[in-house]
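Everything on this sheet refers to the single structure shown next.
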Amino acid sequence: MEYIMTSIGLSLVQGFVLLLIAPLVAGIINKVKARLQKRQGASIFQEYFDICKWWKKATILTPYTGVIFVLAPVVYFMTSFMAATMVPGFLTGQFSMGDAFIFVYILALGRFFMTLSSMDAATSFGGMGGSREIYISVLVEPAVMLAILINSIRYHSTTLSAMVIDYNEAFFTVSAVLACVAFFLVMLAENSRLPVDNPDTHLELTMIHECMTLEYSGKLLSLIHLGSYLKIVVFLALFGALYVPVEIPLALKVLLGAVLIGIVETLNNKMRLFKVRVYLGAAIVLLLLAIIAE
Amino acid sequence: MDFMEMSLLVYLLGTVTLVWPKKAELGAHYFGMLCSIVASGMVVFSSLNYLLSSGSRWLIDLSWGQYSLQADGWSGAFLLLTGVAGVIISIYALDYGKGYLGSRIRALGGLWNLFLLSIVLVLISGDAFTFIVSWEIMALVSFMLVNHESEKKKTLSAAYQYMVMTHIGTAAIMVAFYLVGSSADSFSFADMARNSLYGYMRNAAFVFAFAGFALKSGLMPLHIWLPNAHPAAPSHVSALMSGVMLKVALYGFGRFAFQFIGMDVFWYGLIVMIMGLVSAFLGVLYATMEVDMKRILAYSSVENMGIIFSAFGCGMVLYSMNFPMLSVVAFTAALVHAFSHSLMKGLLFMSAGCVMHATGSKNIEHMGGLAKKMPYTALFTLIGCMALSSMPFTSGLVGEWLTLQSFITLAQQAGSPEMRLLVVFAFIMLGLTGATALGCFVRMYGIAFLGRARTHIVEKAHEMPFFMLAGLGLEAVLIVLVGVMPDLLVNLMQKVVSGTGITPMGNPLGIMWGGSGYYALYSPALIFIVFALIGVFVVASIYGSATFQAKEVTWNCGTVPTSRQQYSATGFSKPLRRAFDGILNPKRRTTYLRKEHAYFGRKLHYELSIPDLFNDKLYKPLQQMLINSSSSFHRIQEGSVSIYIGYTMVAMIVVLIWGVLL
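Sequences listed follow chains A and B, in order.
The numbering of the first sequence is this note's numbering, which starts it at 1 and goes up by one.
The numbering of the second sequence is this note's numbering, which starts it at 1 and goes up by one.
This is how it looks when you write it as C-alpha cells:
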C-alpha cells in the first residue's frame, strides 16, 4: 500500500513537472519555426503569458451549449495530465496504473469529449472540425497499435515502463530505426501538427483541431491549450523513451524532438485532407517492416 | 425445487397473458413483465450457483427419458448475462410496453416470457434434441416479436428475411449435431463429448457448426438479416435480441469448440478470428454511415460480435499452437466482452426506444438538442456511448483491453513472418475498429443529443417515465461498476473458462491494483481515484470564481446561425466515407433545380445510399442464380394435369424396371 501511495505521489509530481515545462516546449517549437523563417519570433515564454491572459478573461458561452461543452475541456486537460503521469523514464519507476493500451484509451477519452463538444455549439465550424478529427484518428489508430505491438514483442510486456528502449539490444537495428521514423510521423498526426493539421490557424484549409475549439474562451480555452501543450510533451517524452535508439538523457531527447518538429513544420506544407491516408499508410508500412524485421 | 426450475415455471406463468381477457390489457402487461422480472431474477441467482460451484458439472434433476436439462459453468456465464438483461429490460418494458396498448400488447407480454424461457432452455439443454427444439422456439418467438408491428411493410419483409436466414442457420446446426451425435451414437451432450470424429467429417462438423452459429450472431457475411430485424422489432425486444440472443450463438459455438470438436486444428481458429476481425471493422464502418439510430446499433452489434469472435478465435489459435494456458486470456476476453456488450447494447437500444418515444422518429438527422429536453436519458445514453467506444471507466474498455492483450499474447508467440503478418493484420483491424467506433458514437450522440433542434419533432420531446429511466440507469450503473472494478467479473469468467477443461492458470494480468513486474496492467479503480482527484482540483480552480457571465450567440462569420447550418450526420461521416469508398461504394445523386439564377437561390437535392457490400456482391447474385436455376425447371412444369400423370407413370415404370433388374 505504501509502495502504491509513494509511486502515485511520484507520478503526480511528474505530471506537474511536465505541465510546468509544457508551454516552454511549445514556445521552443514556435521559436525554432520563427528563426527558420527569418523572423525574430515571440519569446519562448510567450505560451505562459497567453495562458495567464486567457485564464484572467471571462468565459463566454453560447445559449445553445450544455454541460458537455463546459465538461469537455476539463476532461481533455485531465486526460493529458493523466497521460503525463504515466510516461516512463522520469519519476514513475517500474510502477504503473495502466499499460500502453490504457494510455492510448485515456487520450481517446479526451478526444471523445472534445469532438462531442465541437457539435454542442451548433455551428458548421465545430462539426467540420470534429468530423475531420475523427477521420484522422481512425487512420492514426492502427499505426499507434502497431507501434505498441513492436515494442511489446521486443520486451514481452505492454507496460510502458517495460517497453523503454534497451540500448544494448536495439542500438540502431533496422526495426528500431524504422519504428522511430514511423512513430515520429504518427506523433505529428496525433498532435495535430503540420503536415496533417496546422496548429496556427482555424481557417478553411485546415479546420481540424483549432476549428473544434473555436467557440471556447477564457479559462476553458486555456485548459484546452494547456492540455494540447502537455500532450506534445508527453508524446515527445514517449518518443524519446520508447523509440529513439540513442543513449542520451531523456530531457535532451525531448528538447531535440521539439526542435525537429519545428524544422519539419517549416519544411512542409499542410497536405490535402484526403492525402493524409497515404501519409499514415506510409507510417503503417514502416511499422509493418519493423515488425517483420524484429 | 431449486431456483432454476421455479424460474422456468414463472416464465410459463407469464405466457398466460396470451389468453388474458381483452378488457384488462394493462393488467396483462404488468403481470407478464412482473413474471419475467421475477423469473429472470431467479435465473441470476441460480447462474451464480453454477458459476461459484467448483467448475464440475452440475445437473439439474429434471431429466426425463432422452431429454435432459443440465448446466455447467459455461452455461452459467450466459445464464447470468440473460438473467441480468432479462430483469433490467423487463423493468424498462413496464413503461415502454404501454405504447403498445391496443395493439396486441397481451401477445407482446406472453411472447416476451416465452422468448426468455426459450433462451434459458437453450442454455440449460443437455442434449441435441432439447437444444434444437428450444433453439427453434427461440427463432419462432423472436420472429413473431420482430413482426409485431406487421402493419408496416418494412417490418414484414425484415421479419421474413430473418425467418429464412435463421432457418438456414438452424439447418446448418442440425447437420453439425447430426455429424457429432452419429459418431458418438448418442445425442446427449455428455456422450457427444466422447465422439470419434476425425478428418473430413470433423472438418465438416466444424464448418457447419460455425456457419450456423455465426449466422445467428450476425458475423459478416451472414449478417444481412440483423440490420433489418433489429430496427423492426419493438425496442425492448431489440435490446434483448442484440444483448442476449446473439450471445446464445456464442454459447452454442463454445460448446462445439470446447466439447465436441476440439480446437487443435490451426485453421479452425484462424477462420473464426479472421471472420471476427472483418466483421468488427466492416460492421462499425457501416454503422458510422447509417442515420437510423437502431440501424446504427444493429451494425454496431455486428462489430461487437466480431470482436468477441475474434478473441475467441485468437484463443482457439493459441490453443492449437499448444499454449492452452495463454488461450485462457483470449477466451476470458470473449466472455467478458460478451457480458459487457450485453449491458451496453441493452442500454442503447432502450435509449433508442426512449428517443423514439419522445420524438416519434429514429432518424438522427431530424434531432438535435435532445440533452436539454431529456437530461437523464441523455446522461445514461452518454455512458452507453462511452462504453461502446471503449472509454476508460466503462465495461467496454475491459473487454476491449482483454481482447488486445490476447492478441499481444499471440504476437509474442508468433515467430514466423506469416504469423507476424497475421498479427499485424489483426492489430490494424482492431485499431481501425476502435477509432471508428469512437467516431460512430460521438456522431450518434452529438447529432441527436447536442446542439440545437433540427426539426420541430424535438420540441415536443419530454423526459421519460420512471421505469424506463430506471432500466437505463441500472444498465449504466452496472457498466460503470464493471468498468471501475472489473476484477470480480474477470475472475469469474476466467474460472468458467478454466472449468471447460483448459488448464487453469494464475492471474498474469494485473487487473485490479497497480504494481510492477506484471506482463500487462490495468487498474481502473486506481486510475479512477487519481482521475477524480485531479478532476476535483481542476473543477475547483475553474468554478471557484464567477467565470461564466457572458452569453453570446455562436460565431458564424457575422451572421446569426440557423439550426440548419449545423453539421449533419451524413456530413459528419463524409471524410470516412471518402477514405473507405472502395469498400462502401456510396451511390450519390445530386440534382440541381435551376429556376431563375444559375448559382444563387437554386435548390439542391442530394440523395445518398450505401448498399451493403455483401447484399450486392453476394446475396443478389445468389438470389438471381436460384431464380434462374428454378426457372429452368419451368419447362417441365406445364401445369396440365395429364402431363403430371404422365410423369407419375414414367416414374412408376422406371421403378418397376429397376425392381425387376436388381
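All C-beta atoms in this analysis are idealised placements derived from N, C-alpha and C, irrespective of residue type, glycine included.
Computed from a predicted structure; not experimentally measured.
For H225 of chain A, the enclosing alpha helix (DSSP H) starts and ends at G218 to Y243. Think of a sphere of 8 Å around the beta carbon of Y445 of chain B: the chain A residues whose beta carbon falls inside it are L116, in chain order. Here the C-alpha atom of I308 of chain B lies approximately 20 Å from the C-alpha atom of T288 of chain B. A direct Cα-Cα distance of roughly 9 Å separates Y319 of chain B from G269 of chain B.
As for any alpha helix (DSSP H) of minimum length 4 sitting wholly inside the stretch 265-333 of chain B, the runs are 266-289 and 293-320, ordered along the chain.
In the DSSP assignment, Y606 of chain B falls within the unbroken beta strand (DSSP E) covering K603 to S609. Annotation for Y100 of chain B: no beta strand (DSSP E) segment contains it, and DSSP assigns it neither H nor E. Among the bridge pairs identified by DSSP, L61 of chain A is matched with B:K551. When C-beta atoms of the stretch 278-285 of chain B are compared with those of the stretch 344-353 of chain B, fewer than three pairs fall below 8 Å, so the two segments do not count as touching.
Minimum Cα-Cα distance from I88 of chain B among the listed residues B:V10, B:G473 and B:F208 corresponds to B:G473.
Rounded to the nearest angstrom, the gap between the Cα atoms of A121 of chain A and H341 of chain B is 31 Å. Apart from the 5 residues on each side of it in sequence, R564 of chain B sits with its Cβ closer than 8 Å to the Cβ of R454 in its chain, given in chain order.
In the three-state DSSP reduction, Q637 of chain B falls in the coil class, being neither helix nor strand.
One Cα belongs to A411 of chain B, the other to A143 of chain A, and the distance between them is close to 16 Å.
Residue environment analysis places A358 of chain B among the buried positions, since at least 16 neighbouring C-beta atoms fall within 10 angstroms of its C-beta.
If you ignore the 5 residues before and after P465 of chain B, its C-beta comes within less than 7 Å of the C-beta of D95, all in its own chain and listed in chain order.
Its chain contains G41 as the residues whose beta carbon lies nearer than 6 Å to that of A34 of chain A, once the 5 sequence neighbours on both sides are disregarded; these appear in chain order. Residue environment: I261 of chain A is assigned as buried (16 or more neighbouring CB atoms within 10 Å of its CB, all protein chains considered).
Membership of L219 of chain B in any beta strand (DSSP E) is not indicated, and neither H nor E is assigned to it by DSSP. In the displayed model, S118 of chain B falls within a helix according to three-state DSSP. Collapsing the DSSP output to three states places Q623 of chain B in a helix. Within chain A, no residue has its CB atom less than 7 Å from the CB of K153 of chain B, the nearest being about 34 Å off. The beta carbon of G212 of chain B sits closer than 6 Å to those of G169, A172 and I173, all from its chain and outside the five residues before and after it, given in chain order. With contacts defined as CB atoms closer than 9 Å, K362 of chain B and M316 of chain B fail to qualify as a contacting pair.
Close to chain A, meaning a Cβ-Cβ distance shorter than 9 Å, are the following residues of the stretch 345-375 of chain B: G368, G369, A371, K372 and P375. Using a Cβ-Cβ cut-off of 8 Å, P417 of chain B is close to I292 of chain A, given in chain order.
Contact annotation, M391 of chain B with A448 of chain B: C-beta distance approximately 18 Å; criterion of less than 8 Å not satisfied. A distance of 9 Å or more separates the beta carbons of A182 of chain A and Y279 of chain A.
If you check the CB distance, N269 of chain A and P195 of chain A come in under 9 Å. For K31 of chain A, the uninterrupted alpha helix (DSSP H) segment begins and ends at E2 to L36. For R588 of chain B, the uninterrupted beta strand (DSSP E) segment begins and ends at K587 to L593. Interface annotation for the stretch 386-412 of chain B against chain A: M386, S389, S390, M391, P392, F393, L397, E400, W401, L404, Q405, F407, I408, A411 and Q412, criterion Cβ-Cβ distance under 9 Å. The secondary-structure analysis by DSSP pairs N363 of chain B across a beta bridge with B:D292. Contact residues of the stretch 120-139 of chain A toward chain B are D120, A121, A122, T123, S124, F125, G126, G127, M128, G130, S131, R132, I134, Y135, S137, V138 and L139 (C-beta to C-beta distance below 8 Å).
At least one CB atom of chain A sits nearer than 9 Å to the CB of Y522 of chain B. Taking the CA atoms as reference points, S117 of chain A sits about 38 Å from A290 of chain A.
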